[in-house]
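Q:
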Amino acid sequence: MTDKPDRPAVTPHVAVLASPLKRARGLGSARSGSGAWWAERLTSVALVPLTLWFIASIISLEGTSRAGVIAWLQAPVPLVLMLCMIVATFWHMEQGLRVVIDDYLRNDVMRMTMLLLNRGVCAIAGLLCVVSVLRLGL
Amino acid sequence: MVALRLPANSRIKQGQTYKASAHAKRVRKFHIYRWNPDDGANPRTDTYELDLDACGPMVLDALIKIKNEVDSTLTFRRSCREGICGSCAMSIDGVNTLACLKPIGDVRGAVRITPLPHMAVVKDLVPDLSQAFAQYRSIEPWLKADTPPPPNGERLQSREERAQIDGLWECILCFCCTAGCPSYWWNGDRFLGPAILLQAHRWIVESRDEATGERLEALHDPFKLYRCHTIMNCTNTCPKGLNPAKAIGAIKRLIVERQV
Numbered sequence: 009m010t011d012k013p014d015r016p017a018v019t020p021h022v023a024v025l026a027s028p029l030k031r032a033r034g035l036g037s038a039r040s041g042s043g044a045w046w047a048e049r050l051t052s053v054a055l056v057p058l059t060l061w062f063i064a065s066i067i068s069l070e071g072t073s074r075a076g077v078i079a080w081l082q083a084p085v086p087l088v089l090m091l092c093m094i095v096a097t098f099w100h101m102e103q104g105l106r107v108v109i110d111d112y113l114r115n116d117v118m119r120m121t122m123l124l125l126n127r128g129v130c131a132i133a134g135l136l137c138v139v140s141v142l143r144l145g146l
Numbered sequence: 009m010v011a012l013r014l015p016a017n018s019r020i021k022q023g024q025t026y027k028a029s030a031h032a033k034r035v036r037k038f039h040i041y042r043w044n045p046d047d048g049a050n051p052r053t054d055t056y057e058l059d060l061d062a063c064g065p066m067v068l069d070a071l072i073k074i075k076n077e078v079d080s081t082l083t084f085r086r087s088c089r090e091g092i093c094g095s096c097a098m099s100i101d102g103v104n105t106l107a108c109l110k111p112i113g114d115v116r117g118a119v120r121i122t123p124l125p126h127m128a129v130v131k132d133l134v135p136d137l138s139q140a141f142a143q144y145r146s147i148e149p150w151l152k153a154d155t156p157p158p159p160n161g162e163r164l165q166s167r168e169e170r171a172q173i174d175g176l177w178e179c180i181l182c183f184c185c186t187a188g189c190p191s192y193w194w195n196g197d198r199f200l201g202p203a204i205l206l207q208a209h210r211w212i213v214e215s216r217d218e219a220t221g222e223r224l225e226a227l228h229d230p231f232k233l234y235r236c237h238t239i240m241n242c243t244n245t246c247p248k249g250l251n252p253a254k255a256i257g258a259i260k261r262l263i264v265e266r267q268v
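Top line first, the protein sequences correspond to chains A and B. If you use our numbering, the first sequence corresponds to residues 9 to 146, in order. If you use our numbering, the second sequence corresponds to residues 9 to 268, in order.
1) Where does Thr97 of chain A fall in DSSP's three states?
2) Closer than 7 Å by beta-carbon distance: list the chain A residues that pair up with Tyr234 of chain B, in chain order.
3) Less than 7 Å between the beta carbons of Ala96 of chain A and Leu55 of chain A, yes or no?
4) Note down, in chain order, every chain B residue with its Cβ under 8 Å from the Cβ of Ser37 of chain A.
5) Rounding to the nearest angstrom, what Cα-Cα distance links Ala142 of chain B and His31 of chain B in this structure?
6) Using 10 angstroms around the beta-carbon of Met120 of chain A, count the other beta-carbons present and answer buried if the total reaches 16, otherwise exposed.
7) Quick check on the DSSP output: the alpha helix (DSSP H) that includes His126 of chain B runs from which residue to which?
8) Considering only the alpha carbon of each residue, which of A:Met101, A:Thr51, A:Ile94, A:Val129 lies closest to Val141 of chain A?
9) Taking the alpha-carbon positions, what's the Ile239 of chain B to Cys189 of chain B distance?
10) Should Gln207 of chain B be labelled buried (16 or more other beta-carbon atoms within 10 Å of its own) or exposed?
11) May I ask you to report which of helix, strand or coil DSSP gives Tyr144 of chain B?
12) Spatial neighbours of Val107 of chain A within its chain, please: CB distance less than 7 Å, with the 5 preceding and 5 following residues excluded, ordered by chain position.
13) Taking the DSSP output, what are the residues bridged to Met98 of chain B?
14) To the nearest angstrom, how far is the alpha carbon of Gly34 of chain A from that of Glu90 of chain B?
15) Excluding sequence positions up to five away, which residues of its chain have a Cβ less than 7 Å from the Cβ of Ser77 of chain A?
16) In three-state DSSP terms, what is Met66 of chain B?
17) Closest to Ser99 of chain B by C-alpha separation, out of B:Glu169, B:Ala153, B:Cys182, B:Lys21, would be which residue?
18) By the DSSP assignment, the alpha helix (DSSP H) with Ser27 of chain B in it spans what residues?
19) Report the neighbours of Ala29 of chain A on chain B: residues whose CB is nearer than 7 Å to its CB, in chain order.
Put into structure tokens, the structure is as follows:
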């Protein structure tokens, strides 16, 4: 029997005493997010015809020589559609991965690192594809 | 980094079994999650065998019978017993619903009852809803109007305008939907969750409210609103038949509409 029977033997230390309302309000609204949401839908919708066109084109180019493919790519329509497809694909990929990172990574350092890596890798990979296509097409 | 098992003091152990009387004909087992914050023990699953012939039809009737006749330490919230107060929200047979509206006959085999998922537990089946209610308070769920009310105090609303809040005003804030949302599980501190977003939409479409722009701006946040990925668990589980996913979709559409 201790001299303070109502106190537990080890008093727990509470690090967060802020009210639930303070925690719910957080830092307030960022006033952004709709841009990313709209862009996700835009790239998704654009990718349907673009990807179908890309697959159909690759199939139709089967058996063509390297020179034939380059000649096909030098026409304006295939070149532009190819560039659109590459941009839409890598942008869409970056957005999808960003959602996964935002959802599942709680540690701020890890989250920031992965977000930067995500953007960096998608941008570089996308640019590599764009530059390659432009080199052939122009 | 990754925890594949619950922490050692959270793992659910096998608890006691309370048998039904020998002359009970229709016996059903109820496996109920128990945890007492005061005894330092792990959570456990107690099994109660009930004679359904001596019990009301709903799961809440079974819980009250257990508390009255078998084990009075079983702790759970309940009040109206008719699906209007929202107190008895819990996970029954893996689905978040109100115990007073869930017929025992709807469940095949043993009835598993646990508290609402991914909510801090106060005791047994009682979740800590303080964060959820704070999030409700944060959307300012009251009429905000700069126009003074007419002299007789009545702000008029047409039938069509009143119909806009149908499907939204009926929410009883039981939090079955919020507790069933995986985005709320992983980001409940920053994502508002379907119940609160439904109520936010209730005030956005309220014809007498004049702060619609402010309300939309307050939600326009990658976490508060846009953690919703249309998983649809919310609409699936709502015991009142409401559609939070549709309300959230409407909010997203309104925000984009402002920019077009």
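Glycine included, each C-beta is placed from N, C-alpha and C at the ideal position.
A: Let me lay it out:
1) To locate residue 97 of chain A, count along the first sequence from 1; it is residue 89. Helix.
2) Along the second sequence, one-based indexing puts residue 234 of chain B at 226. Here the neighbours are Gly41, Trp45.
3) Taking the first residue of the first sequence as position 1, residue 96 of chain A is located at position 88. Taking the first residue of the first sequence as position 1, residue 55 of chain A is located at position 47. It is a contact, given that the beta carbons lie within the stated cut-off.
4) By 1-based counting over the first sequence, the position of residue 37 of chain A is 29. Result: Glu225, Ala226, Leu227, His228, Asp229, Lys232.
5) As a first step, residue 142 of chain B must be located in the second sequence, where it is residue number 134. As a first step, residue 31 of chain B must be located in the second sequence, where it is residue number 23. One C-alpha to the other measures close to 50 Å.
6) For the purposes of this step, residue 120 of chain A is taken as residue 112 along the first sequence, with counting starting at 1. A residue is called buried once 16 or more other Cβ atoms fall within 10 Å of its Cβ, and Met120 of chain A, having fewer, is exposed.
7) The sequence position of residue 126 of chain B within the second sequence is 118, counting from 1. First-last for His126 of chain B: undefined, no H or E at that position.
8) Taking the first residue of the first sequence as position 1, residue 141 of chain A is located at position 133. The shortest C-alpha separation from Val141 of chain A is found at A:Ile94.
9) By 1-based counting over the second sequence, the position of residue 239 of chain B is 231. By 1-based counting over the second sequence, the position of residue 189 of chain B is 181. Roughly 8 Å between the two C-alpha positions.
10) Position 199 of the second sequence holds residue 207 of chain B. Taking all protein chains in view, the Cβ of Gln207 of chain B is crowded by 16 or more other Cβ atoms within 10 Å, so the residue is classified as buried.
11) By 1-based counting over the second sequence, the position of residue 144 of chain B is 136. DSSP places Tyr144 of chain B in helix when its eight states are reduced to three.
12) The residue labelled residue 107 of chain A in the question sits at position 99 within the first sequence. Counting only Cβ-Cβ distances below 7 Å, and skipping sequence neighbours, we find nothing.
13) One-based indexing of the second sequence puts residue 98 of chain B at position 90. DSSP lists B:Thr105 as partners of Met98 of chain B.
14) For the purposes of this step, residue 34 of chain A is taken as residue 26 along the first sequence, with counting starting at 1. For the purposes of this step, residue 90 of chain B is taken as residue 82 along the second sequence, with counting starting at 1. C-alpha separation (whole angstroms): 36 Å.
15) As a working mapping, residue 77 of chain A is identified with position 69 in the first sequence. Looking at the sequence shown, residue 77 of chain A is not Ser but Val. Taken in chain order, the residues that qualify are Leu69.
16) As a first step, residue 66 of chain B must be located in the second sequence, where it is residue number 58. Residue state for Met66 of chain B is assigned as strand, using DSSP reduced to three classes.
17) As a working note, residue 99 of chain B is residue 91 in the second sequence. Measuring C-alpha to C-alpha distances from Ser99 of chain B to each of B:Glu169, B:Ala153, B:Cys182, B:Lys21 identifies B:Cys182 as the nearest.
18) For this step, residue 27 of chain B is matched to residue 19 along the second sequence. Ser is not the amino acid found at residue 27 of chain B; the sequence shown has Lys there. Neither: Lys27 of chain B is in no alpha helix (DSSP H) and is coded neither H nor E.
19) Working through the first sequence from its first residue, we reach residue 29 of chain A at position 21. Note on residue identity: the sequence assigns Leu, not Ala, to residue 29 of chain A. The contacting residues are Ala142, Arg145, Ser146.
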